[in-house]
Amino acid sequence: MAFALLLTCNAFSFAQDLKLWYNKPAVKWTEALPIGNGRLGAMVFGAIDNDHLQFNEETLWTGEPRAYSRPGAYKYLDSIRQLLFAGKQKEAEALAEKEFMGLKSFEGERSGWITKATVDKKYAAANFDDSKWPTMTVPSWEGWEQVGHGGLDGAVWLRTSFVLPDDWKEEDMIADFNRIRDWDYSYVNGVLVGSQQNTEGRKYTVAKNLLHKGKNTIAILVLNFSDKGGVYGYKDTSIHIGIAPVSNPNAKISLNGDWKYFVVDDNPPPVGAYQAAYQPFGDLHLKFANTTAATNYKRELDITNAVAATTYSLNGVNYRREYLVSQPNQVIAVHLTASQKQSVSFEAELSSAHKNYTVTKVGNDLVLSVKVRTGALRGESYLRVVAKSGTVKIDNGKLIISNADEATLYLTAGTNYKNYKDITADPKQPCITALASIAGKTYLQIKAAHIKEYQQYFNTFSLNLGKSANESLPTDERIEQFATANDPSFVALYLQYGRYLLIASSRPGTRPANLQGIWNDLVNPPWGSKYTTNINAEMNYWPAELLNLLPLHQPLFDMISELAITGKQTAKDHYNAPGWVLHHNTDVWRGTAPINAANHGIWVTGGAWLCQHLWERYQFTQDKNFLKNKAYPIMKDAALFFNAFLIKDPKTGYLISTPSNSPEQGGLVAGPTMDHQIIRDLFKNVIAASEVLNVDAELRTILKEKYKQIAPNTIGKHGQLQEWMEDVDNPNNKHRHVSHLWGLYPGNEINWDETPEITKAAKQSLIFRGDEATGWSLGWKINFWARFKDGDHAFHMIKMLMSPAKNGAGSYPNLFDAHPPFQIDGNFGGAAGIGEMLIQSHTKYIDILPALPSALASGEVKGICARGGFVVDMQWSEGKLMKLKVRSIAGTELRLRYNGKIVTIKTIKNGEYQFDGQLRSL
């Protein structure tokens, strides 16, 4: 019954032009087009002469199965609490940092490596000949990984020069490099002028006697142990690194540009890490000769069938490349055709960002073998070509196809990951199985099976917001113009693109979508490209129920089941409590302990928030079997933890959550508002579930009593909803997290019907916080304003989210969300927010068009879902509802509300009910 809401909507009364398209190839990764099947993902660049598919396999991560929780940490819990109660936050954080954080992975011995890496200083000499060294763009705010050096760690010399003019007044200078990761030894004309072993800004005084008119040399030895490295410079790229007179810092000589570099040692000792990082797998390059005269170029992604394409003309021949990732056959397929026979010729080769990868020939296939540098996982990828006519050969690690009529490449990948505690899988087996599944099949058969499987999810929902003149523009140009254009159909495309991305990154049987979905090209990705559970992982799945993608929620449910196991150990080790707990991050190994730092890593309600997703599945489907067998046992165990964890606040007498924090600001505290909202929601849902299932009456009584004692939402001196127990909110605080509004969205305890004064205070808090934010925060704020029923303000946030990401939040050319950098959660939050503008069902009513903006005055939606087990189709025109159809999946009571009118109807299972614009039955 859980998936019964998947209604196929093939007979739409309108055509949807749902394509991203461009008239030039991708240069940057955030211009490439994403394809995926939940397990395999690829980014398609579409260059004519050197096409590139960067690909991923969902289980290739750093790390290995290990203990994450710190045994005996609970012995310090009471001391940390007492320090917080006494107002000694810094002391509490210091104790927690020392005794309460989770365990890191193995850390290697550094001192010997550092001595060896720094012993030879000849590279610092002014007269050293670096003419044969390659060049690197310096600076790069996101590390040298962003300028073509993915996976580079270790000791690296960087050299450049600058010229002091003949009229230079001899005086001391300041060498301003700002941030460098991790350590630096900086030289001017062979003399050490400064060294730091931190991530703070570098501004070194250079004595005038070290300088001379004419050419001067700068050499920096950078030691980067892990993660991103190099000379970062300034986040504001308009500020250059450089050297300037002490007396006049504005007279800076820019040092931005290409520096010479030499890698002394790229194998530093392992650095202990709290959690693992998602990894790229490999790269497929397709090289074509003599393409400079090509015309009519276009590349596109058709999200109605999950097929990307590149087309162009050359010497009277029309060429087409199609790209897809098949779930039935578990292959990445690239199909190359031409309008003239014997015109398909190219070379294909495999490579990887991982060091020491190998490419070998196995039969008629190329095999790429990789291993992560810091961890136990390894992978294999097979590449096979099937050509019609022409010749195929393997030479020097390349597949060479000559004069074929057409050719299809099939790329597979697998790792030795079996599950979070077992790495004994054979990485070859998924490749062998996938290639066996396509034997004897044509590309057209494989494509047809792919489309059929994909459309069973995609075709359950449609949104028509009318036609737009800007539909004729390439997608990157539509993004540029969206904020000032009338382009409602682009909003529909954005929502459907969010649904596409979830289908592509989260199929049943796979791991859930991570911070970047399933796409990552960096060995050291931002935030590890893992699962940040203080909002981002949850936001990924906000569209799943509402936008009729219910089966795609399953990978998250599976991860929650695993976290409920590993989280028991953390509950025992850190809190001496029953049940399970999850802090603010997890990874493929299902770590649940506190990470990073005590001032933000000790946050206890990650598991409770994830339990809301289990309850939401029941709310949307009324599936009692799911509730009984999957959801309730996990929710109950989470509630048992908080039943033991909550403690009486000595000042107020309320039960509060401590130690914890309000993500990710304010430090370690006693009683953040967000925690209390989430815990109340958990208790309320466990109480309701136990009543539905008629179980655990004693626990239900306990939770009801505890629920009433939890510190309530409080209105502060500025008319705001307080973020903490104390009334210390700063009206000028513009932080990206708006955690104390959790009870508004995705929670439901704050709403205009039941808590109007608290809702008004929450709105005041959001006004104080402002509109500007990171990409995912913009996505969250769209949902907030929709819940406030302010459609025009919500649409203003949509404009911000769908504006070009220059040096801040917005959308990249491929419509990926920019934090920046890329995080996929904003795509999903934005899609859900558009849905919330059209329908809301978090109160006892289903509100129709509750936050419709004037910019979307006319439209039609089919297949949108509501709690209670309902699927809704509706049309509206000039801001007014025209007609409505509701299908009842479970036969529950239907309570509709529109424009102040309420209609209540008893329904039968699978019954359909139609209404006009005044909610009169038809």
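Using our numbering, read the sequence shown as starting at 79 and increasing by one per residue.
Backbone N, C-alpha and C define an ideal beta-carbon position, used for all residues, glycine too.
Opposing strand residues paired with Val666 [DSSP bridges]: The partner list for Val666 (beta bridge, DSSP) is empty, contrary to what the question assumes.
Completely contained alpha helix (DSSP H) runs for the segment 124-177, where each covers 4 or more residues: For the segment 124-177, whole alpha helix (DSSP H) runs of length 4 or above, ordered along the chain, are 155-163 and 167-177.
C-beta contact flag for Leu118 and Ala491 at 8 Å: Yes, they are a contact pair.
For His413, the three-state DSSP class (helix, strand or coil): Residue state, collapsed to three classes: strand.
Straight-line Cα distance separating Gly685 from Thr389: Each residue's alpha carbon lies about 47 Å from the other.
Sequence-distant residues of the same chain with beta carbon closer than 8 Å to Met251, five excluded per side: Once the five neighbours on either side are set aside, the close Cβ partners of Met251 are Thr283, Val284, Lys286, Leu289, Ile321, Ala322, Pro323 and Val324.
Own chain, CB closer than 6 Å to Ile186, minus 5 neighbours either side, in chain order: It should be pointed out that residue 186 corresponds to Gly in this sequence rather than to Ile. Cβ within range, chain order: Pro347 and Pro348.
Backbone secondary structure at Ser91 - three-state DSSP: Since pLDDT at Ser91 reaches only 36, below the 50 mark, its modelled position is unreliable, and no value is offered.
Simplified DSSP assignment, three categories, for Leu844: Three-state result, Leu844: helix.
Neighbourhood of Val309 by C-beta, 6 Å cutoff - its chain only, sequence neighbours within 5 removed: For Val309, same chain residues with a beta-carbon under 6 Å away, outside a window of 5 residues either side, are Val216, Pro217, Phe255 and Ile258 in chain order.
Sub-8 Å separation of Ala253 and Val271 beta-carbons: Going by C-beta atoms, Ala253 is nearer than 8 Å to Val271.
Contiguous beta strand (DSSP E) assignments of at least 3 residues, all confined to the segment 721-773: Complete beta strand (DSSP E) runs here, min 3: 738-740 and 743-747.
Local conformation of Pro112 per DSSP, three classes: Correct three-state label for Pro112: strand.
Residues that Gly453 bridges to, as DSSP identifies them: Residue pairing by DSSP places Gly453 opposite Gly141 in a beta bridge.
Cβ-based neighbour list, His897, same chain, cut-off 8 Å, excluding 5 preceding and 5 following: Cβ neighbours of His897 within its own chain (closer than 8 Å, five residues either side excluded): Pro604, Thr852, Gly853, Trp854, Ala887 and Gly904.
Status (buried if at least 16 other CB within 10 Å, exposed otherwise) for Pro243: Counting Cβ neighbours within 10 Å, Pro243 comes out exposed, since fewer than 16 surround it.
Phe184 burial status per 10 Å Cβ neighbour count (16 or more: buried): Result: exposed.
Per DSSP, cross-strand counterpart(s) of Ile917: Partner(s): Ile926.
Inter-residue spacing [alpha-carbon to alpha-carbon] between Leu997 and Ile793: So the two alpha carbons sit approximately 37 Å from each other.
C-alpha gap between Ile980 and Asp925, whole angstroms: Approximately 9 Å, taken between the alpha carbons.
Length of the line joining the Cα atoms of Asp231 and Phe340: Approximately 12 Å between the Cα atoms of the pair.
Where Asp870 falls, given that 16 or more other Cβ within 10 Å makes a residue buried: With a threshold of 16 other beta carbon atoms within 10 Å, Asp870 falls short and is exposed.
Where the alpha helix (DSSP H) containing Phe698 begins and where it ends: Here the alpha helix (DSSP H) through Phe698 covers Gly684 to Thr699.
Cβ neighbours of Asn703 in the same chain (closer than 6 Å, five flanking residues each side left out): There are no such residues.
Start-to-end residues for the beta strand (DSSP E) that takes in Gln992: Bounds of the beta strand (DSSP E) holding Gln992 are Gly989 to Asp994.
Nearest neighbour of Trp261, chosen from Trp246, Gly268, Lys247 and Arg280 [CA to CA]: Taking only the C-alpha atoms, the option nearest Trp261 is Arg280.
Check: His754 C-beta below 7 Å from any heavy atom of the ligand GTP: The ligand GTP is absent from the structure shown, which contains no ligand whatsoever.
Within 8 Å, strictly: CB atoms of Ser447 and Thr436: Closer than 8 Å, so yes.
Spatial neighbours of Lys97 in its chain, beta-carbon cut-off 6 Å, leaving aside the 5 residues before and after: Glu378 and Asp380.
Cα-Cα separation between Met952 and Ala775, rounded to whole angstroms: Ala775 has its alpha-carbon roughly 41 Å from the corresponding atom of Met952.
Classification of Asp156 by the beta-carbon crowding that lies within 10 angstroms, buried from 16 upward: Sixteen is the threshold: since fewer than 16 other Cβ atoms of the shown chains lie within 10 Å of the Cβ of Asp156, the residue is exposed.
Between the CA atoms of Trp693 and Ser999 - distance to the nearest angstrom: Near 31 Å, if we compare the C-alpha coordinates of Trp693 and Ser999.
For Arg577, the three-state DSSP class (helix, strand or coil): Looking at Arg577 - three-state DSSP - the assignment turns out to be helix.
Presumed contact (8 Å Cβ cut-off) between Arg965 and Glu990, rounded CB distance: Contact flag correct, Cβ pair sits at about 5 Å.
Three-way DSSP call (helix, strand, coil) for Lys838 in this model: Correct three-state label for Lys838: helix.
Short Cβ contact (8 Å threshold) for Trp246 with Lys291: With contacts defined by Cβ atoms closer than 8 Å, Trp246 and Lys291 form a contacting pair.
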